[in-house]
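Engineer: Take this structure first; my questions come after.
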Amino acid sequence: MQKIRVIDFETTGMPDDQVRAICEIGFTDLSADWNISPTTAFLVNPGHPIPPQTRAIHHISDADVAGAVSPDVGLRTLMDGMADDDVFAAHNCKFEQAFFGGGTRRWICTMQAAKHLFPNAPGFSNQALRYWLNIDEQMDDVNRAMPPHRAGPDTYVTALILSRLMMLANVDELVRMTTAPVVLRDVTFGKHRGMKWADLPRDYLSWIANKSDLGADEKHTARHILGGV
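What the sequence shown shows, in the numbering used here, is residues 6 to 234, in sequence order.
Below, the structure is given as C-alpha cells:
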C-alpha cells in the first residue's frame with residue numbers, strides 16, 4: 006500500500022434522490038509513513054440547479070459552480086496518481102461510493118471502523134469524532150479544518166481520524182471493518198432510545214433480528230445479544 010486517498014463530496018442531493026450530482030470534490034492523501042498531504046479541493050458543475058435544502062448544508066451556490074469542471078472531469082482527477090494498491094477512504098464511504106466506484110481499489114470507511122474501534126464515542130460523525138479524539142491537537146493549522154461541511158476541510162479532519170484508527174488497526178483490518186457489522190452499545194431510535202442494547206426485551210430483539218427492516222448493525226447486535234452469533 007502506497008497511500009490512502011481520503012475523499013469527500015458535497016452534492017446536490019442524497020444517493021437515493023432522483024436528481025443528484027457532485028458539486029464539490031476534496032481529497033487529502035495519507036502516505037504509507039503516515040504523512041498527510043496538502044488538501045486538494047475544487048468545485049464541480051452538477052449540470053442542474055442546487056436545491057436550497059442541500060445548499061443550506063454546504064452553502065455552495067449555482068453562481069459558484071457556473072464555470073467549474075464537469076463531474077466526469079472531477080472524478081478523473083480523483084484517479085490521478087492512484088496506484089493499483091492504493092486505497093480510497095471516506096467518512097461513511099457508502100455515500101461517496103454512490104457517486105464514485107473507485108475502480109478496483111479497496112475502501113476504508115472511517116465511520117464504520119470508528120464504531121468498531123471506539124465503541125464508547127458519544128457519536129460517530131466526522132465532527133463528533135474530531136472533538137472527542139481531540140484531533141485539533143494534531144493539526145498543523147486548524148484553519149485547514151474550516152469550514153465544516155465543505156469537501157476539503159472534511160477530508161483533512163477525516164485523514165487525521167484515519168491516522169488515529171491506524172494506531173489500532175492496519176489497512177487490511179480497516180478494510181475488513183468497513184463491511185463488517187458492529188455490535189452497538191446504545192439504542193438511538195424508537196421508544197427505547199437511550200437504553201443499552203443489552204437491556205432491551207428479548208421479544209423486541211427477536212423482532213429486530215428477524216422481522217424488522219433496520220440496518221445490518223442493528224440486526225447483528227440483536228442476534229449477538231440473543232446468542233445467535
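From the three backbone atoms N, C-alpha and C, an ideal C-beta is built for every residue, glycine too.
(1) Find out if the Cβ-Cβ distance for the pair residue 136, residue 33 is shorter than 7 Å.
(2) Going along the chain, which residues of its own chain have a beta-carbon closer than 7 Å to the beta-carbon of residue 54, five neighbours each way excluded?
(3) Excluding the 5 residues flanking residue 96 on each side, which residues of the same chain have their C-beta closer than 6 Å to its C-beta?
(4) Considering only the alpha carbon of each residue, which of 215, 12 and 224 lies closest to residue 112?
(5) Considering Cα atoms alone, identify which of 188, 209, 203 and 186 is closest to residue 195.
(6) Quick check on residue 189: buried or exposed, where buried means 16 or more other Cβ atoms within 10 Å of its Cβ?
(7) Can you give me the Cβ contacts of residue 151 inside the same chain, cut-off strictly under 7 Å, excluding the 5 residues immediately before and after it?
(8) Which residues in the same chain as residue 41 place their Cβ atom closer than 8 Å to its Cβ, once the five residues preceding and following it in sequence are excluded?
(9) Indicate the three-state DSSP secondary structure (helix, strand or coil) for residue 5 in the structure shown.
(10) With residue 29 and residue 65 assumed to form a contact (beta carbons below 8 Å), what rounded beta-carbon distance in angstroms separates them?
(11) Does residue 137 come out as helix, strand or coil in the three-state DSSP assignment?
(12) Would you call residue 76 buried or exposed, if buried means 16 or more other Cβ atoms sit within 10 Å of its Cβ?
(13) Report the three-state DSSP secondary structure of residue 44 (helix, strand or coil).
(14) Quick check on residue 51: buried or exposed, where buried means 16 or more other Cβ atoms within 10 Å of its Cβ?
(15) Is residue 31 helix, strand or coil by DSSP?
(16) Using DSSP bridges, identify the partner residues of residue 101.
Structural biologist: Working from what's here:
(1) no
(2) 67, listed in sequence order.
(3) 115, 116, 131 and 163
(4) 12
(5) 209
(6) Around the beta carbon of residue 189, a 10 Å sphere encloses 16 or more other beta carbons of the protein chains shown; the residue is thus reported as buried.
(7) 158
(8) 33, 34, 35, 161, 164, 165 and 168
(9) Residue 5 lies beyond the stretch modelled for the chain, which goes from 6 to 234, so this question has no answer here.
(10) Confirmed, about 6 Å.
(11) helix
(12) buried
(13) When DSSP states are grouped into helix, strand and coil, residue 44 belongs to the coil group.
(14) Burial of residue 51 is indicated by the presence of at least 16 other C-beta atoms within 10 angstroms of its C-beta.
(15) strand
(16) DSSP, once it has assigned bridges, lists no residue as partnering residue 101.
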